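Note sheet for the following structure.
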Amino acid sequence: IECKIKNGAVRWTLMCEPGWEGCCDNDNSNSMSIRERLTMDLNAASEKLPQKACELLSKSIRIWVNVSQKYGMELCPTEASHMCFHPEANWLRENGMKGEKCHGVEIYRVKDYLSDCDLWGAGGVIVHELSHAWHCCFCENGYDNKDIIKCFDEAMREKLYESVEVHGPQGPKAKAYACTNAMEYFAELSVAFMCQDRDTEYNKWFPFNRRQLIEHDRRAYELMCEYWRVPLSKLKK
445 IECKIKNGAV
455 RWTLMCEPGW
465 EGCCDNDNSN
475 SMSIRERLTM
485 DLNAASEKLP
495 QKACELLSKS
505 IRIWVNVSQK
515 YGMELCPTEA
525 SHMCFHPEAN
535 WLRENGMKGE
545 KCHGVEIYRV
555 KDYLSDCDLW
565 GAGGVIVHEL
575 SHAWHCCFCE
585 NGYDNKDIIK
595 CFDEAMREKL
605 YESVEVHGPQ
615 GPKAKAYACT
625 NAMEYFAELS
635 VAFMCQDRDT
645 EYNKWFPFNR
655 RQLIEHDRRA
665 YELMCEYWRV
675 PLSKLKK
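Under my numbering, think of the first position of the sequence shown as 445, with each following residue one higher.
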């Protein structure tokens, strides 16, 4: 899927299970097909991401799209749901999946994607998963990056995310998904960081946009500037 960006275009590679486009045809709750929705969301995500990061990610990350997916023990497999980023090839192989999915984003069930994606602004859930890819593959030391871990630890110590607003069944307020670990902290706040419109609730969880991130967790905002390679002086404040 080719997406326009400020100075050109990027092309995202999708690896799709046969039948993926027709599996939601009988669901009248969806106004768009899965292809139309993914095209719209990938375009929106491409516009939100810093241009250099978008170019690097689109060249190195594949997006796997399934009608359904099971993993784990053959006699008692787990029915996968929603979507994820795969950081480890060994885990994939041990759970009966292709090791080549490592460092890719996977939509386990297209029905889940269509039902969940509107909890974010257009492309927000894709930005979240691509942020995991950026953290793992393009930040120094990947998931062991000490700056990101330190910023997460300080936010947890100050209880910045113990009770925040959320779009979805967890709300209206709940402990933020960013509290899960340093990886989810980086991905969650990256989504907020990418939205420069102060009136848009782009992320699923608070902070919903960059302005709220600046006001709520200034350390994280400065961390995002550094690791997404966005100069502070060029930001709209």
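Heads up, the beta-carbon is just placed ideally off N, CA and C, and yes, glycines get one too.
Only a predicted model underlies this, so the values are computations on that prediction, with no experimental measurement involved.
DSSP links residue 586 through a beta bridge to no other residue. Beta-carbon to beta-carbon, residue 456 and residue 507 are separated by about 6 Å, close enough to satisfy the 8 Å threshold.
In summary, residue 586 is exposed, with fewer than 16 beta-carbon neighbours lying within 10 Å of its beta-carbon over all protein chains present. Taking the C-beta atoms as reference points, residue 551 is found no nearer than 7 Å to residue 490.
Selection 635, 558, 612, 498 evaluated against residue 668 yields 635 as nearest (Cα-Cα).
Around the beta carbon of residue 676, a 10 Å sphere encloses fewer than 16 other beta carbons of the protein chains shown; the residue is thus reported as exposed. DSSP places residue 453 within a strand segment (E or B) once states are collapsed to three. Residue 563 is not a Cβ neighbour of residue 617, given a cutoff of 7 Å. Classified as buried, residue 638 has 16 or more neighbouring CB atoms from the shown chains inside 10 Å of its CB. Following the DSSP letters along the chain, one finds residue 551 inside the beta strand (DSSP E) bounded by residues 549-551. If you draw a straight line from the Cα of residue 486 to the Cα of residue 673, it comes to about 21 Å. In the DSSP assignment, residue 508 forms a beta bridge with 459, 550. Collapsing the DSSP output to three states places residue 674 in coil. If you look at residue 527, you'll find it in the beta strand (DSSP E) that goes 527-529. With a 10 Å radius around the Cβ and a threshold of 16 neighbouring Cβ atoms, residue 493 comes out buried. Secondary structure at residue 623: helix, using DSSP grouped into helix, strand and coil.
Annotation for residue 653: no alpha helix (DSSP H) segment contains it, and DSSP assigns it neither H nor E. Residue 538 carries a helical assignment under DSSP once its states are collapsed to helix, strand and coil.
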